[in-house]
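Chains as they are written, first to last, in this note's numbering: chain W, 1 to 258; chain B, 1001 to 1258. The beta carbon of each residue, even a glycine, is placed where N, CA and C say it ideally should be. Worksheet for the structure shown next.
Protein chains: 2
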Amino acid sequence: MSQSLDRALTLVAQLATGPKTLDELSGVIDVHKSTALRLLRTLESHRFVQREGVHHYRLGTAMFDLANRALEERDVRRSAERALRDLNARTGFTVHLASYEADEVIYIDKYDSTHPVRMYSRVGRRAPLHCTAVAKVLLADLPETRLREVVDAMEFPKLTANTITDPAAYLAELELVRDRGYAVDDSEHEDFIHCLAAPIRGAGGDVLAAVSMSVPKVVLDFDGLMGHLEDLLETARAASVECGWTDTREGRAVRGQD
Amino acid sequence: MSQSLDRALTLVAQLATGPKTLDELSGVIDVHKSTALRLLRTLESHRFVQREGVHHYRLGTAMFDLANRALEERDVRRSAERALRDLNARTGFTVHLASYEADEVIYIDKYDSTHPVRMYSRVGRRAPLHCTAVAKVLLADLPETRLREVVDAMEFPKLTANTITDPAAYLAELELVRDRGYAVDDSEHEDFIHCLAAPIRGAGGDVLAAVSMSVPKVVLDFDGLMGHLEDLLETARAASVECGWTDTREGRAVRGQD
DNA sequence: CCTCCGATTGCGTATTTTGCAACGCGCATT
DNA sequence: AATGCGCGTTGCAAAATACGCAATCGGAGG
Chain W
1 MSQSLDRALT
11 LVAQLATGPK
21 TLDELSGVID
31 VHKSTALRLL
41 RTLESHRFVQ
51 REGVHHYRLG
61 TAMFDLANRA
71 LEERDVRRSA
81 ERALRDLNAR
91 TGFTVHLASY
101 EADEVIYIDK
111 YDSTHPVRMY
121 SRVGRRAPLH
131 CTAVAKVLLA
141 DLPETRLREV
151 VDAMEFPKLT
161 ANTITDPAAY
171 LAELELVRDR
181 GYAVDDSEHE
191 DFIHCLAAPI
201 RGAGGDVLAA
211 VSMSVPKVVL
221 DFDGLMGHLE
231 DLLETARAAS
241 VECGWTDTRE
251 GRAVRGQD
Chain B
1001 MSQSLDRALT
1011 LVAQLATGPK
1021 TLDELSGVID
1031 VHKSTALRLL
1041 RTLESHRFVQ
1051 REGVHHYRLG
1061 TAMFDLANRA
1071 LEERDVRRSA
1081 ERALRDLNAR
1091 TGFTVHLASY
1101 EADEVIYIDK
1111 YDSTHPVRMY
1121 SRVGRRAPLH
1131 CTAVAKVLLA
1141 DLPETRLREV
1151 VDAMEFPKLT
1161 ANTITDPAAY
1171 LAELELVRDR
1181 GYAVDDSEHE
1191 DFIHCLAAPI
1201 RGAGGDVLAA
1211 VSMSVPKVVL
1221 DFDGLMGHLE
1231 DLLETARAAS
1241 VECGWTDTRE
1251 GRAVRGQD
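Dropping the structure here:
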């Protein structure tokens, strides 16, 4: 809709992969160097990019500033912090906080494992919908019709032997998640990692975010992982309370309508 | 230089303070609603903003994604991670990693305190130059002429009773920092907090970043803080080694030219 | 000292963006 | 239930703005 802005944002995205020269950048958006230069200058004046040496541009500090400021604004993140940190400290495993927005699941917080073998992830990163425990938890709470649309639009690339590759099977899995109140990723995303996730609920009873715990299989087998289920659920409950959730609701709040 | 881009970036910065309506946003950049709408749509297509409800816009997930991806690119951050995490785990105090770029000192990493009383900070935030320990460490390494320019352009707002408000005194302080190999913020920024900072050096021996440790005065008095100096210096040394620094240099590397 | 390569700038053109005004839509009010 | 109001949205024509070009500048290397 706005050409110059569109081009500028493309440049910024490009810079996220590392510093680039003016020529490289003008090549990416296919414009004259002078045009790219002017865009970069404007970006620079807002501290979105900065020069590195004379020939290179890279992302500026405003990106970090704005992103982290906005991240702090998220109420769930702040409210869940304590519970998540405790879980991480207690178990030593990687703990993630993820949220569903604009048709994608993104990690909004992360407490890294103290173990040498770690899952690769990053705050701001999108989680695959079909093979992560957090996505299952978040999608399970979507209204029936919305869920259909999302699942219809989903891809199911087979990433490991256990990856669910069939929409019907996935919907059945979500059903299970809804009933149980937690989700599992039994090495469906990465061969050597399995995860557990549980919903964090707000005052209205609906799911605001998901907490997950990721453990390398070499550290803990599946039964060992499940041994931490209560701990995870307790963490999710504590975080939910911080978010205004009250246990004593009309029965449909925590464990479905049974 | 580029009007529409300039306006769009202003919008983004505005959104970092929280969700806004179309009217509020068009007011900020003083254009017609339709103009703001078109900019927002472009930003939305790049996932820089997203709609919240029908009447509100807020920062989108691309911001988090790009910012954190770029943050991971920083070698110092990755290299220093282990040492910083250890220090944080060992002491329980807030540990910061800060870097000097484009004439400002920004926090590029943070390990939060486990104590209830905590310093407010945020990754991406700019640290004041005249009253923080990290800034002192980073500025102390600047070449003489560059340093002059920076200090001449600096402001010295008095934030506490101990804040250094005089450029000459500040330069003398930096001299001290250079000699000692560490910097102190003795409640110069906030009344109830004091900090220690030390430089992290790279292969060339020059300062890449600064580690700091921030402690509430109610938890530890000044002598108590200084009791952790060796621990902090050891952390900085470990991080430096990870960054390619080698102890056995020409003598000027770690403790000045004595 | 000269040459070459990339960054930078001034300028005229026309593409792009802008403001306007009309329209549509949902919500609240009576 | 009907009406009005506020806000987001769209089509259009004017013109401001961003664009590409080509000339210039400035620094690094021979």
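Among the residues facing chain B, L40 of chain W is not included, as its CB has no counterpart in that chain under 7 angstroms away. Contact of S1212 of chain B with chain W is not assigned, every C-beta pair being separated by 7 angstroms or more. Residue pairing for A1183 of chain B: DSSP places it in a beta bridge opposite B:A1197. The beta-carbon distance between A209 of chain W and S99 of chain W, rounded to whole angstroms, is 5 angstroms. This is short enough to meet the 8 angstroms contact definition.
Between M1001 of chain B and T42 of chain W, the C-beta gap is smaller than 7 angstroms, which places the two residues in contact. Among the residues facing chain W, G1053 of chain B is not included, as its CB has no counterpart in that chain under 7 angstroms away.
Annotated as distal: H189 of chain W and C243 of chain W, with beta-carbon spacing of 7 angstroms or more. Here the stretch 1184-1199 of chain B makes contact with the stretch 1217-1228 of chain B; the two share three or more CB pairs at distances below 8 angstroms. Cβ proximity to chain B below 9 angstroms picks out R122, V123, G124, R125 and R126 from the stretch 119-135 of chain W. Beyond the five residues adjoining it in sequence on each side, A62 of chain W comes within less than 8 angstroms, by CB distance, of H46, R47 and F48 in the same chain, given in chain order. Taking all protein chains in view, the Cβ of E155 of chain W is surrounded by fewer than 16 other Cβ atoms within 10 Å, so the residue is classified as exposed. Residue pairing by DSSP places K1020 of chain B opposite B:Y1057 in a beta bridge.
At a C-beta separation below 8 angstroms, N68 of chain W has these neighbours in chain B: A1067, R1122, V1123, G1124 and R1125. Shown here for L233 of chain W: same chain residues with a beta carbon closer than 6 angstroms to its own, the five before and five after excluded, namely A198 in chain order.
Judged by their CB atoms, A140 of chain W and R178 of chain W are nearer to each other than the 7 angstroms cut-off. Contact check for N68 of chain W against G1124 of chain B passes: the beta carbons are separated by less than 7 angstroms.
Residue contact check for M63 of chain W against chain B: a CB pair falls below 7 angstroms. With 16 or more other Cβ atoms from the protein chains shown falling within 10 Å of its own Cβ, G60 of chain W counts as buried. Distances from the alpha-carbon of R146 of chain W to those of W:E72, W:P216, W:L171 and W:L159 put W:L171 closest. If you draw a straight line from the Cα of I1108 of chain B to the Cα of V1211 of chain B, it comes to about 10 angstroms. DSSP, read as helix, strand or coil, puts I29 of chain W in helix. In the structure shown, R51 of chain W adopts extended strand secondary structure according to DSSP, grouped into three states. Rounded to whole angstroms, the gap between the alpha carbons of D1185 of chain B and D65 of chain W is 23 angstroms.
L1066 of chain B sits in a helix when the DSSP states are folded into three classes.
Y1170 of chain B carries a helical assignment under DSSP once its states are collapsed to helix, strand and coil.
Membership of T10 of chain W in the alpha helix (DSSP H) is indicated by the continuous run Q3 to L15. Restricted to the stretch 69-128 of chain W, the alpha helix (DSSP H) segments that are unbroken, complete and at least 4 residues in length are 75-91, listed in chain order. Against chain W, the beta carbon of D1006 of chain B has neighbours under 7 angstroms at T42, listed in chain order. Using a CB distance cut-off of 7 angstroms, Q1050 of chain B counts as an interface residue toward chain W.
When 9 angstroms is used as the limit between beta carbons, E242 of chain W is near no residue of chain B, the shortest such separation being about 15 angstroms. Taking the C-beta atoms as reference points, A239 of chain W is found nearer than 7 angstroms to A83 of chain W. If you check the CB distance, A1016 of chain B and A16 of chain W do not come in under 7 angstroms. What G18 of chain W touches in chain B, judged by beta-carbon distance under 7 angstroms, is E1073, going in chain order. DSSP places A1140 of chain B in the helix class (H, G or I) of the three-state scheme.
For the pair Y57 of chain W and L40 of chain W, the CB atoms are nearer than the 7 angstroms cut-off. For H1096 of chain B, no CB of chain W lies under 7 angstroms from its own CB, so it is not counted at the interface with that chain.
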